[in-house]
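Peer 1: In our numbering, the protein residues as written are 201 to 715.
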Amino acid sequence: SMSRTFPDRVDVAIVGSGPCGAAYARVLSEQCPGARIATFEVGPLLADPPGVHVKNIVDDEERARAQRRSEGPQPLADDTPTDTMEGYADAAPRLVRPGTFLLPTGWQQPGEDGLPGAAMSANVGGMGAHWTGACPRPGDSERIGFLPDLDELLAEGERLLAVDTHAFDDAPFAAEVRKRLGDALDATRAEDRRVGPMPLAVQRQADGRVTWSGADVVFGDVTRANPDFSLVPEALVTEVLVTEGRATGVRVRDLQTGEEHVVSARAVVVAADALRTPQLLWASGVRPPALGRYLNDQPQTVFAVRLRDVGHARTEDVDPRDEPEIVPQSGVSWVPFTDAEPFHGQVMQLDASPVPLAADDVPTPGTIVGLGWFCAKDLQESDRVDFDATEVDGYGMPAMRVHYRLTERDHASIAAARETVQQVARALGDPLGDEPLTFPPGASLHYQGTTRMGATDDGTSVCGPTSQVWGVDGLYVAGNGVIPTATACNPTLTSVALAVAGARDIARTLTEEEK
Ligand code: FAD
Numbered sequence: 201s202m203s204r205t206f207p208d209r210v211d212v213a214i215v216g217s218g219p220c221g222a223a224y225a226r227v228l229s230e231q232c233p234g235a236r237i238a239t240f241e242v243g244p245l246l247a248d249p250p251g252v253h254v255k256n257i258v259d260d261e262e263r264a265r266a267q268r269r270s271e272g273p274q275p276l277a278d279d280t281p282t283d284t285m286e287g288y289a290d291a292a293p294r295l296v297r298p299g300t301f302l303l304p305t306g307w308q309q310p311g312e313d314g315l316p317g318a319a320m321s322a323n324v325g326g327m328g329a330h331w332t333g334a335c336p337r338p339g340d341s342e343r344i345g346f347l348p349d350l351d352e353l354l355a356e357g358e359r360l361l362a363v364d365t366h367a368f369d370d371a372p373f374a375a376e377v378r379k380r381l382g383d384a385l386d387a388t389r390a391e392d393r394r395v396g397p398m399p400l401a402v403q404r405q406a407d408g409r410v411t412w413s414g415a416d417v418v419f420g421d422v423t424r425a426n427p428d429f430s431l432v433p434e435a436l437v438t439e440v441l442v443t444e445g446r447a448t449g450v451r452v453r454d455l456q457t458g459e460e461h462v463v464s465a466r467a468v469v470v471a472a473d474a475l476r477t478p479q480l481l482w483a484s485g486v487r488p489p490a491l492g493r494y495l496n497d498q499p500q501t502v503f504a505v506r507l508r509d510v511g512h513a514r515t516e517d518v519d520p521r522d523e524p525e526i527v528p529q530s531g532v533s534w535v536p537f538t539d540a541e542p543f544h545g546q547v548m549q550l551d552a553s554p555v556p557l558a559a560d561d562v563p564t565p566g567t568i569v570g571l572g573w574f575c576a577k578d579l580q581e582s583d584r585v586d587f588d589a590t591e592v593d594g595y596g597m598p599a600m601r602v603h604y605r606l607t608e609r610d611h612a613s614i615a616a617a618r619e620t621v622q623q624v625a626r627a628l629g630d631p632l633g634d635e636p637l638t639f640p641p642g643a644s645l646h647y648q649g650t651t652r653m654g655a656t657d658d659g660t661s662v663c664g665p666t667s668q669v670w671g672v673d674g675l676y677v678a679g680n681g682v683i684p685t686a687t688a689c690n691p692t693l694t695s696v697a698l699a700v701a702g703a704r705d706i707a708r709t710l711t712e713e714e715k
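Spelled out as structure tokens, the structure:
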């Protein structure tokens, strides 16, 4: 492999190239032209442009290869199926999605629930190269009360992710699905919390093709054209260097050569996901009391239903599709979280049935609907990821130990979500299967809280309102771990919004220091 040039000194070093790391690069490229920015990503570059969503890779084999290459130090065999519907309705205790890899050890402690589904991605673009792109805004108690500009930040996040609420408006039966959902659920809801189309990070191209926003969209042309921005794949950041309460750079291992480099920086952003961000801080000796704590994921229940009494789709809607993954029939509907009904519901019209149907029973496209309900976790300080001082993971970083329990309140909210899912299924049509399936903890892939934001440094948070780590000037954390509230909605939009505020803070500091 080729030897590469690592910069000796930059203004901003970013660890991780998922949507949140990319948001920092984008905002800094927009607001601080001339600032030298380097992003280090442990995983490989999959395709061009960097960070592109794998579903936009049209060739099946190329796409499967990109998924495999995202699966960390021990990827699955090349012939493992990567069909994203596979296993959807499977009760397998450790569901693994293509492009992700499970935590190999430490995901459960004796007598605890653990996070059997805890997974990560390692590739340029992070999980954002594999995600579904649902971008709902948080509501009610999901919102971060101490951030007065949250809505403006969310709007900026929607711009960076290119969120579109109407990309699938013409999906067959989408309007009917929403009518049935609304009739069942809307009576008691505030206007902005009623059933609607899901805001999605997707683009409908001129030729009708749908493409997914990955980190490539977040980086945008302005980052790609920035001569002072560099992205270094297969580069593991092993330490954030801290001197006298200030971040001064990073130590990076070139995974192509094994060489170590020290890169000085005026600011360091760790956007390495909600498990590996606290890991890197811990490895760097940055260990505020809340680090790794308040870990939460969103207990997830799924069910499938076949729409009743919808007749047949218009013939133009049932054209055979040669790229079923890329041109889905999917409408995606959104049942927003409310404090009264503290779940987030996502209702997707599926391309295929997740459960076997009779061989001669070919459903009309759009008539098979998957329900996914997420609960907000009952936050506990004791739910946490700890790190081992002696054992290491596949990258040589401190091994993770997850401590995680569902409380009585969690069991009650899961039971309530299951009730609602069944009620909604009956309102839509004929359920496929006897009862919903509740996935094991971790399956949501929405891990939060481990580097949580707080209004003040009172020991229950890791960073302040601009994502700067308490007590370490110039060190910022990014990603779902920063979210302090118990959200049930998909977290990426919120995390990208928080990243915008952090990037603006760095831009302000760099500009002031120039003066
Ligand atoms: P990531 O995207 O995880 O990126 C972190 C990056 O940091 C990784 O590439 C990793 O390799 C790198 N890294 C880690 N440690 C180091 C290190 N020490 N040195 C260098 N690099 C490092 N979210 C939603 O909001 N809506 C959805 O609909 C949705 N659907 C999903 C569906 C699937 C199948 C999957 C897999 C995820 C889904 N998600 C969804 C979750 C979403 O992808 C994540 O919330 C999002 O990608 C988080 O962005 P991030 O930048 O914080 O972290």
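Even for Gly, the Cβ is constructed at its ideal location relative to N, Cα and C.
Please classify S201 as buried or exposed, where buried requires at least 16 other C-beta atoms within 10 Å of its C-beta.
Peer 2: Model confidence at S201 stands at a pLDDT of 44, short of 50, so the residue's coordinates are unreliable; what they give is reported in the following sentence. It counts as exposed.
Peer 1: Does S490 pass the burial test, meaning 16 or more other C-beta atoms within 10 Å, or should it be called exposed?
Peer 2: Correcting the residue type first, residue 490 is Ala in the shown sequence and not Ser. It counts as buried.
Peer 1: Can you give the Cα-Cα distance for N680 and T694, rounded to whole angstroms?
Peer 2: Spanning the two alpha carbons is a distance of roughly 8 Å.
Peer 1: Output needed for A213: all residues of its chain with C-beta closer than 6 Å, excluding positions within five of it in sequence on either side, in chain order.
Peer 2: Closer than 6 Å at Cβ, skipping near neighbours: A238, V450, V463, A465, V468.
Peer 1: Can you list the alpha helix (DSSP H) stretches of 4 or more residues lying completely in the stretch 343 to 424, in chain order?
Peer 2: For the stretch 343 to 424, whole alpha helix (DSSP H) runs of length 4 or above, ordered along the chain, are 350 to 361, 374 to 385, 415 to 424.
Peer 1: For a test of the three-state rule: what should DSSP assign to N496, helix, strand or coil?
Peer 2: Strand, per DSSP.
Peer 1: What separation, rounded to the nearest whole angstrom, lies between the Cα atoms of D383 and D657?
Peer 2: Answer to the nearest angstrom: the Cα atoms are 45 Å apart.
Peer 1: Just reading off the beta strand (DSSP E) that R584 is part of, what are its end residues?
Peer 2: Note, R584: beta strand (DSSP E), 584 to 592.
Peer 1: From Q309 to P316, what distance separates their C-alpha atoms?
Peer 2: So the two alpha carbons sit approximately 11 Å from each other.
Peer 1: Measure the C-alpha to C-alpha separation of R493 and G408 and round it to an integer number of angstroms.
Peer 2: The alpha-carbon atoms of R493 and G408 are separated by roughly 45 Å.
Peer 1: Quick one: what's A238 bridged to in DSSP?
Peer 2: The partner list for A238 (beta bridge, DSSP) reads A213, S430.
Peer 1: Check whether the Cβ of N680 sits closer than 7 Å to any heavy atom of the ligand FAD, and report yes or no.
Peer 2: Yes, since a heavy atom of the ligand FAD falls inside the 7 Å radius drawn around the Cβ of N680.
Peer 1: I'd like the span of the beta strand (DSSP E) that includes E460, first residue to last.
Peer 2: E460 -> beta strand (DSSP E) spans 460 to 470.
Peer 1: Output needed for E376: all residues of its chain with C-beta closer than 8 Å, excluding positions within five of it in sequence on either side, in chain order.
Peer 2: Within the same chain, E376 has close Cβ partners L507, V510.
Peer 1: Do R389 and T685 have their CB atoms nearer than 8 Å?
Peer 2: No; because the gap between Cβ atoms is not below 8 Å, this pair is not in contact.
Peer 1: Cβ atoms of L441 and A447: under 8 Å apart, would you say?
Peer 2: The answer is yes: Cβ separation under 8 Å.
Peer 1: Give a yes or no on whether the C-beta atoms belonging to A266 and F419 are separated by under 8 Å.
Peer 2: Result no, Cβ atoms of A266 and F419 do not sit closer than 8 Å.
Peer 1: From this set, E230, T567, G596, which residue's C-alpha is nearest P273's C-alpha?
Peer 2: The shortest Cα separation from P273 among E230, T567, G596 belongs to G596.
Peer 1: Quick check on DSSP: helix, strand or coil for E271?
Peer 2: Three-state DSSP puts E271 in coil, outside helix and strand.
Peer 1: Which term fits Q498, buried or exposed, when burial requires 16 or more other beta carbons within 10 angstroms of its beta carbon?
Peer 2: With 16 or more other Cβ atoms within 10 Å, it is buried.
Peer 1: Let me know if D421 comes out buried or exposed under the rule of 16 or more other beta-carbons within 10 Å of its beta-carbon.
Peer 2: When all chains shown are included, D421 counts as exposed.
Peer 1: What's the gap between the Cα of L302 and the Cα of Q648?
Peer 2: Going from the Cα of L302 to the Cα of Q648 covers about 17 Å.
Peer 1: Examine the ligand FAD and report whether any of its heavy atoms sits within less than 7 Å of the Cβ of L645.
Peer 2: True, at least one ligand heavy atom lies under 7 Å from that Cβ.
Peer 1: Taking Cβ positions, are R380 and A627 nearer each other than 8 Å?
Peer 2: Yes.
Peer 1: I'd like the ranges of any alpha helix (DSSP H) spanning at least 4 consecutive residues and lying wholly in the stretch 240 to 269.
Peer 2: Taking only runs of at least 4 residues, the alpha helix (DSSP H) segments lying wholly in the stretch 240 to 269 are 260 to 269.
Peer 1: Using the Cα positions of S217 and D593, report the straight-line distance between them to the nearest angstrom.
Peer 2: Cα to Cα, S217 sits roughly 20 Å from D593.
Peer 1: Please confirm whether T300 and A319 have their CB atoms less than 8 Å apart.
Peer 2: Cβ atoms of T300 and A319: closer than 8 Å.
Peer 1: Alpha carbons only, please: which of F587, H461, P478, A558 is nearest the one belonging to F240?
Peer 2: Nearest of F587, H461, P478, A558 to F240, Cα basis: H461.
Peer 1: I683 by DSSP, collapsed to three states: which one?
Peer 2: Three-state DSSP puts I683 in coil, outside helix and strand.
Peer 1: Going by C-alpha to C-alpha distance, which of E591, L495, T438, V505 sits closest to L481?
Peer 2: Considering only alpha carbons, the answer is T438.
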